[in-house]
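*Asks:* Here it is: the structure, laid out below.
Numbering (our numbering), first residue to last: 18 to 229.
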């Protein structure tokens, strides 16, 4: 966590000589996660139903000259899966994360902007909980909501988004669609070979310019 914060500070300080505007705001959205897993090396990936849940963020955005910028977010996010196939019907686990995307922003337009955002994210697991735990054993996706499940706490991956921004003086409204891929895995006991998570997010943000 400290390394990512340090890198973000370097990015901002290196651009301090540019004409810049700093905005702070909040973002609310709806996130749909999906998951797939392989129980052993060489086995076919199996898909399970993901979790859809609201998400909330604190946003700090820096807009530089030449239609470029950067931002950092502190996001509360819920992901997970519901295994509803015939083999492991009923297993469902949800993960609550504090997720921190650090994004480079590119804009096209003036008061009405089209934007592209891309960068890494890092997160920390706040809670893992079992909604349902019906089937246990080999060849099924494990659950993570009990102490003995020992899920890994760190998430990390890449995030990309596109959207539209509208400026009203010091105020900005942003609508965005965002996709994230996770490289981190919750499994720490080698109960299965691999598990993958992705998130698709639809959000609306309000920003207020605090520095120029």
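The beta-carbon is built from N, C-alpha and C at its ideal position, and this holds for glycine as well. Since we're looking at a predicted model, the values are computed, not measured.
Are the CB atoms of residue 222 and residue 41 within a distance shorter than 7 Å?
*Replies:* Not a contact, by the Cβ cut-off of 7 Å.
*Asks:* Mark residue 207 as exposed unless 16 or more other C-beta atoms lie within 10 angstroms of its C-beta, in which case mark it buried.
*Replies:* Under this definition residue 207 is an exposed residue.
*Asks:* Thinking residue 115 and residue 141 are a contact (beta carbons under 8 Å), I'd like their distance in whole angstroms, please.
*Replies:* Rounded, the Cβ-Cβ distance is 5 Å, consistent with contact.
*Asks:* Measure the C-alpha to C-alpha separation of residue 169 and residue 205 and round it to an integer number of angstroms.
*Replies:* When rounded, the distance between both Cα atoms is 6 Å.
*Asks:* Could you compute how far the alpha carbon of residue 125 sits from the alpha carbon of residue 160?
*Replies:* Between residue 125 and residue 160, the C-alpha separation is close to 44 Å.
*Asks:* If you draw a straight line from the C-alpha of residue 59 to the C-alpha of residue 158, how long is it?
*Replies:* Taking the straight line from one Cα to the other gives about 16 Å.
*Asks:* Out of 133, 175, 117, 96, which has the shortest C-alpha to C-alpha gap to residue 147?
*Replies:* When each option's Cα is compared against that of residue 147, the closest is 96.
*Asks:* Along the chain, where does the beta strand (DSSP E) containing residue 230 start, and where does it finish?
*Replies:* Any question about residue 230 goes unanswered here, given that the chain covers just 18 to 229.
*Asks:* What's the C-alpha gap between residue 145 and residue 98?
*Replies:* Straight-line Cα distance between these residues: approximately 12 Å.
*Asks:* Is residue 25 helix, strand or coil by DSSP?
*Replies:* Model confidence at residue 25 stands at a pLDDT of 49, short of 50, so the residue's coordinates are unreliable; what they give is reported in the following sentence. Residue state, collapsed to three classes: helix.
*Asks:* So residue 47 packs on residue 214, CB below 8 Å; how close in whole Å?
*Replies:* With 8 Å as the limit, residue 47 and residue 214 do not qualify as a contact, their Cβ atoms being about 17 Å apart.
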